[in-house]
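Worksheet: the structure to be examined is printed underneath.
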Amino acid sequence: MTSVDAQHTGPRSPSPLPDLHGHGVRLRPWDADSDADAAAWLRGHTDPEFRRWNTPLKQVDDLAGARGSLRDKVLAAVDGSGASYCVTDAASGAVLGHIGINAIDSVLSVARVGYWVLPEARGRGIATRALAVASRWALTDLGIHRLELGHALGHEASCRIAERCGFRYEGTLRGAMWEAERRDAFRDVHLHGRIATDPEPQLP
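Going letter by letter, the sequence shown gives residues 209 to 412 in the working numbering.
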């Protein structure tokens, strides 16, 4: 990957999204028309561990909902407001999880990153490796200046992943996200941030 010119004027449109490679993973765009991708998206969103830490704006409970959600991701890539990737094993192509560069603000050159890993892929450093690849692309080729990562207070695994990938802890946001599977109660969020001029972290 090549780095962007220091005088860039903000994020450029990420459509069509390029495949990204590194650290034994391949990040490819999700395919809303693929039965396998829709099934993986549904499994990810209905996994109890995912729902413990995340309450999406639109809940996904069936294949139709999964396809609709993936189509929304495709539209976000087209209009430049998001870039969603299916995380796969570089050798086998097996789907491992998801990572997305979301809420891209072309004026302030800031975006948020979020990810999840399927149950069978946990414990292998998949989220760390995917975050390293995606954040490097976002802060160079995509032209983002500041990338934010927020996770529910108490999610220690996400805290460690963020820190390994150079996202410094910046503070606690009070009542900044919904409680698990609720939309009438809120919980605190740890905010981590990384900017384009931060040194590239060295993964093991």
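Every residue gets a Cβ at the ideal spot worked out from N, C-alpha and C, and that includes glycine.
Keep in mind it's a predicted model, so treat the numbers as computed, not measured.
Secondary structure of residue i, DSSP reduced to three states
i           : result
residue 239 : coil
residue 271 : helix
residue 231 : coil
residue 317 : coil
residue 311 : strand
residue 285 : helix
residue 276 : helix
residue 291 : strand
residue 304 : strand
residue 263 : coil
residue 322 : strand
residue 297 : strand
Selected residue, minimal CA-CA separation from residue i, among the options
i           : options               : result
residue 302 : 284, 326 and 290      : 326
residue 407 : 372, 384, 397 and 389 : 372
residue 370 : 287, 323, 280 and 250 : 323
residue 225 : 394, 340, 282 and 391 : 282
residue 258 : 412, 300, 411 and 330 : 330
residue 265 : 390, 397, 412 and 242 : 390
residue 368 : 297, 411 and 256      : 411
residue 380 : 298, 241 and 362      : 362
residue 387 : 339, 344 and 262      : 262
residue 397 : 383, 253 and 243      : 383
residue 260 : 385, 399, 284 and 317 : 385
residue 394 : 403, 404, 366 and 360 : 360
residue 241 : 344, 336, 366 and 275 : 275
residue 409 : 268, 392 and 344      : 344
residue 249 : 268, 256 and 235      : 268
residue 297 : 337, 399 and 271      : 337
residue 300 : 235, 403, 317 and 392 : 235
residue 272 : 255, 247 and 256      : 247
residue 228 : 307, 317 and 311      : 307
Cβ shell of residue i (< 8 Å), same chain only, five flanking positions each side left out
i           : result
residue 401 : 354, 355, 356, 357, 375, 376 and 378
residue 245 : 238, 239, 278, 294 and 303
residue 346 : 291, 309, 319, 321, 352 and 355
residue 334 : 233, 295, 304, 305 and 325
residue 210 : With a pLDDT of 31 at residue 210, under the threshold of 50, the predicted position of this residue should be treated as unreliable, though the coordinate-derived value follows. Contacts found: 348 and 349.
Test: residue i CB closer than 9 Å to a CB of chain B
i           : result
residue 261 : In the displayed structure, chain B is absent; only one protein chain is listed.
Neighbourhood of residue i by C-beta, 7 Å cutoff - its chain only, sequence neighbours within 5 removed
i           : result
residue 364 : none
residue 280 : none
Limits of the alpha helix (DSSP H) - the one that residue i falls within
i           : result
residue 343 : 334-347
residue 224 : First-last for residue 224: undefined, no H or E at that position.
6 Å Cβ shell around residue i - same chain, five flanking residues per side excluded
i           : result
residue 230 : 341
residue 253 : 268
residue 404 : 347 and 353
residue 213 : Any reading at residue 213 must be qualified, since the residue scores a pLDDT of 35, below 50, and its modelled position is unreliable; no value is offered.
Limits of the beta strand (DSSP E) - the one that residue i falls within
i           : result
residue 402 : 394-403
Query raised in the report: What alpha helix (DSSP H) runs, 4 residues minimum, are completely inside the segment 349-383?
Result: 364-372
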